[in-house]
Structures are given as C-alpha cells and as structure tokens.
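Residue numbers (this note's numbering): 22 to 529.
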C-alpha cells in the first residue's frame, strides 16, 4: 500500500529540501494550495489535496483537509485488522508523515488588522490534522516547525521510516504547538468579546522560549526565559554589548524597568536583588543618575541601571567608574556607547519602557495566583491631609516621588526622599519599624529634612516617633490602621505633616 506525506505550511522555510528528501524516501507527496504550487515549481511530483480526495476546496479555502480520506489515512491503526480492511475497502492510502504549520494568526494580530482578518487567520483544518497525526504517533510522524526538518531528514536517511521514540517526541511538540496557537487566540478573543470578565474561568497563556539561561537563581537550578508573543518588555530589548543575560539579570531588569515606567521626567533608577537602591529625577539624565547613585553607592555595586533618556558621555563615564551588571537606556550617544563598550562584560541594552497593564502572577504549589498589575495612580484631590500642618509644595513633590518608588520596594517598604531623589530605603522587613530604622541608617545624615513614604499603614506611633527623631519633614502612607488616631496624634505632636492615600502598595 502506497504511503503518503501531507504538506501544508505557511512558513515555507526549508520546504523544498525537505520535500525532496521525503520523496526520495518513498513517500507520495500531497499538499494544499500554495504549498503544492511551491513543490511543483521545484519539479517534484505532488498531488493537490483536492485531487487526492476527489473533493474540491470550498468556502474560500476554509475546507481543504477536513475530509475522511485525509483523516482516515492518518488515524487508521495499522495493527488493527478492521481498520486496515476499511482503508483497503475505501481505496484510501496511508498518510504516515504530516508536515503542517498553521495560519499566521500571531503575525496578523501583531500589526494593524481588522477583526475579519484575524478571524480568517484562525486555522481550523491544520490543528485538527496535527492533532490527529499526534494522536496516532504509533504510526504517524507529525512535524510542525522547520526547526524539526534536519532531525526528520536524518531519521529518513538512516531508517527510511522514523523511529517510534522520534514520533513520540514529535507528538508532544505538536500538542505544545496547537496549545500555544489556541492560547494566543483565546487571549485575543477574550479581550475582544469578554473584556468585562477580568478573570476567565479557564486560563491559558502562550509563551515561547526565547533562550536557555546558564542557570536559575542559583547555579544548581536549571532555567529558561519565555516571552509572551504579543507583549513588549525586556524580551524586546536590543543588546549592544556584554555577556548573555542571566536569570537574575532578567528578573532585576524587569524590576528596574517597572519602576522607571512610573516617571516621565528625566529619571535614573538602580536596582539590586530586585529592590531599588537608588532612584532620582532631575532636569537632565546625568544629574539624575548622580543623585540616584548617591542614595546607596555601596549597594549599587553590581546592580542594574536604567535611564529614561539618551545616555550621554558624562553619564556613561559615571557608570563605568564602578562595577555594574547592566545599563539600559532608550538610546546612546556614539561616544557614550564607545565608553560603555570599554567594559566588555557590561550588558548594554537599548529599550524604552512603557507602563503596561495585564496580569501579575505568583506560582504556588498546585496553582497560580493571578492579580491585576498595581497601576494605581492617586489623584491629588483624593488625598487626605490628616494633620494640622500641611506639607509645602517642595515636600508634596518629594512625597509623590517617594510614594511611586515605595510601590516597587519589597514590603515592608520605607522610602526616604529629598529633592526627588531617594536618600534611604528600608525593604523586605517583617516589622515596619525595622524598615524605618534601616532606611534612616542607610541614609547617613541625609535623612534630615527628607520625606518618608510607607507602602502600608503604621500599626503603632513608634514609627512616627522614630521618624521625628530622624528629622523627617513629611510623611505619606495609606492609612487604615486601628491605631490611625494615635499615629496622626503623634504626627501632630511632632509637627510633621502627614498625607493618607487610602491605597496600599504591598509588594511581596
């Protein structure tokens, strides 16, 4: 009984070389539309699917491979006598090799498009045929990507048929491929038709591997980086210099870009171990970086630096004056880039962050916690000025700056700031007063006259007493403690103006 190979590919990379090898291995070639045309033009004998089935394509190409002769030839169990007798009775051939990749749905929706165009690029026959072939992997080989062609050709060269172990691997990859494809469609249509339903009943996402990491958080952990095909982020950055990004580099880079996206004026941010150790705004990027570094130069050693303006030579000279892992900016002056490249291991990335919505995930054993990203920005008119003394205009600007930074510091978070620059940061403590003590200690004497932002409410007045002792000039915090009256009374006693936002910014 003649054996056949079915081709139907949108991505025609390597198609002809593969078709030639498959034909040489003794397969009859069947193909759809444009794929058949390309194979014919290469001088190879090929039947169009409509000729093979005796049924013409219809509905503008929506129905091609959805035919019993195709699916029986794929799904027939070669070891079952009744299956093979039915194939013989119907005069069907066996399709032992299926090479399909799907309509370019992702590519279509990644550029300007209409809903009709998106819908027409949802492949139906392709996924059905791939799944049929993968289900019957005992006998059928299914190939869904040109990256698999070299291994397929080696298999055919060595065996003329493929080995079962190879077919099993191909089947697993095929189901990964169709699940990924369907997940992109799910996300797209959910946004279009179910946007009012924030959390769907069944949640699936499409991610594709961008790179293997040398290791994870620690050298004994294996790791890889997966990117979302429709979202911009660090995966879209252009690397101009330095070593490959590590797992920890990528995680820290995401943190630094998330904080940087809060600001529109010239801003520099330095992150170490996923916490900001310096952030500052200024009229120009060079002074902003200088102020950010002055917050905690000890912790900045080996950190990740991000700028939201072009990096000039003067700023580059500051950056290379000490050891850094990464610098990120939307662009670089020619001389600045040359200076940064003088540090051969310094990873230099070109990227401009944008504040983006979507979900935030935390994996737990046996499940996934999903929440909206913390994108809340208070409006000044919604703030509560709860103390007798009100902050000055200078203090207000610093309070708003510190509040934005505190949102990106691990809880319990305390941020001290002066002239739109952090001067002390206390992060990740189990007790809030410990964070206050650390922020004051880290600031040296710069805490005097600075403002304080807290990501959560103050449980007791001792935090205010300590702030007063350190010379803090104003405080911003969410409020909501059962001790709020006592806390506000303490601020009044010390003559410290306090703002209550009514919004908490925990980051665990």
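For glycine and all other residues, C-beta sits at the position ideal for the given N, C-alpha and C. Being a predicted model, the structure only gives us computed values, none of them experimental.
Residue environment, residue i, which counts as buried when at least 16 other CB atoms sit within 10 Å
i: residue 239; result: exposed
i: residue 307; result: buried
i: residue 219; result: exposed
i: residue 386; result: exposed
i: residue 392; result: exposed
i: residue 416; result: buried
i: residue 289; result: buried
i: residue 314; result: buried
i: residue 368; result: buried
i: residue 247; result: exposed
i: residue 153; result: buried
i: residue 135; result: exposed
For residue i, the nearest candidate out of the options (CA to CA)
i: residue 377; options: 269, 438, 255, 386; result: 255
i: residue 422; options: 71, 202, 498, 227; result: 498
i: residue 480; options: 500, 490, 393, 468; result: 500
i: residue 74; options: 249, 66, 89, 83; result: 89
i: residue 45; options: 123, 393, 70, 174; result: 174
i: residue 350; options: 310, 380, 226, 383; result: 310
i: residue 263; options: 345, 243, 76; result: 345
i: residue 201; options: 183, 229, 234, 235; result: 229
i: residue 297; options: 407, 234, 449; result: 449
i: residue 457; options: 492, 442, 407, 280; result: 492
i: residue 190; options: 131, 165, 426, 447; result: 165
i: residue 527; options: 507, 488, 394, 512; result: 394
i: residue 380; options: 515, 516, 407, 226; result: 226
i: residue 406; options: 398, 429, 203, 496; result: 496
i: residue 440; options: 108, 300, 204; result: 300
i: residue 530; options: 224, 266, 209, 249; result: What the structure shows of the chain is the stretch from 22 to 529, and residue 530 is not part of that stretch, so it cannot be assessed.
i: residue 159; options: 142, 192, 294; result: 192
i: residue 372; options: 398, 388, 326; result: 326
i: residue 471; options: 430, 451, 413; result: 413
i: residue 293; options: 63, 316, 110; result: 316
Residue i, enclosing beta strand (DSSP E) - first and last residue
i: residue 233; result: 229-234
i: residue 297; result: 296-302
i: residue 360; result: Where residue 360 is concerned, there is no enclosing beta strand (DSSP E), although the alpha helix (DSSP H) it sits in stretches over 355-362.
i: residue 248; result: 244-248
i: residue 475; result: 472-475
i: residue 259; result: 259-262
i: residue 21; result: Since the first residue shown for the chain is 22 and the last is 529, residue 21 is missing from the structure and cannot be characterised.
Spatial distance of residue i from residue j (CA atoms)
i: residue 274; j: residue 357; result: 20 Å
i: residue 60; j: residue 40; result: 7 Å
i: residue 404; j: residue 390; result: 30 Å
i: residue 259; j: residue 329; result: 15 Å
i: residue 138; j: residue 127; result: 12 Å
i: residue 335; j: residue 370; result: 18 Å
i: residue 473; j: residue 318; result: 20 Å
i: residue 161; j: residue 150; result: 11 Å
i: residue 401; j: residue 342; result: 40 Å
i: residue 460; j: residue 171; result: 58 Å
i: residue 47; j: residue 181; result: 8 Å
i: residue 360; j: residue 261; result: 12 Å
i: residue 502; j: residue 482; result: 11 Å
i: residue 184; j: residue 198; result: 21 Å
i: residue 513; j: residue 486; result: 11 Å
i: residue 131; j: residue 140; result: 14 Å
i: residue 82; j: residue 251; result: 27 Å
i: residue 84; j: residue 331; result: 53 Å
Close beta carbons around residue i, own chain, < 6 Å, minus the five adjacent residues each side
i: residue 116; result: 25, 27, 94, 95
i: residue 303; result: 287, 309
i: residue 52; result: 28, 60, 67
i: residue 98; result: 104
Residues near residue i in its chain [Cβ-Cβ closer than 7 Å; skip 5 each side]
i: residue 411; result: 518
i: residue 30; result: 36, 56, 120, 121, 122
i: residue 396; result: 376, 378
i: residue 489; result: 515, 517
i: residue 366; result: 263, 264
i: residue 209; result: 130, 139
i: residue 125; result: 31, 142
First and last residue of the uninterrupted alpha helix (DSSP H) at residue i
i: residue 422; result: 414-427
i: residue 177; result: 170-180
i: residue 504; result: Here residue 504 belongs to no alpha helix (DSSP H), and DSSP marks it neither H nor E.
i: residue 204; result: 185-214
i: residue 272; result: 268-281
i: residue 319; result: 318-321
i: residue 335; result: 334-340
i: residue 286; result: Note, residue 286: premise wrong, no alpha helix (DSSP H); not H, not E.
i: residue 137; result: 136-141
Own chain, CB closer than 8 Å to residue i, minus 5 neighbours either side, in chain order
i: residue 50; result: 25, 26, 28, 40, 43, 44, 60, 65, 66, 67, 68
i: residue 453; result: 433, 435, 475, 477, 479, 480, 484
i: residue 271; result: 234, 246, 255
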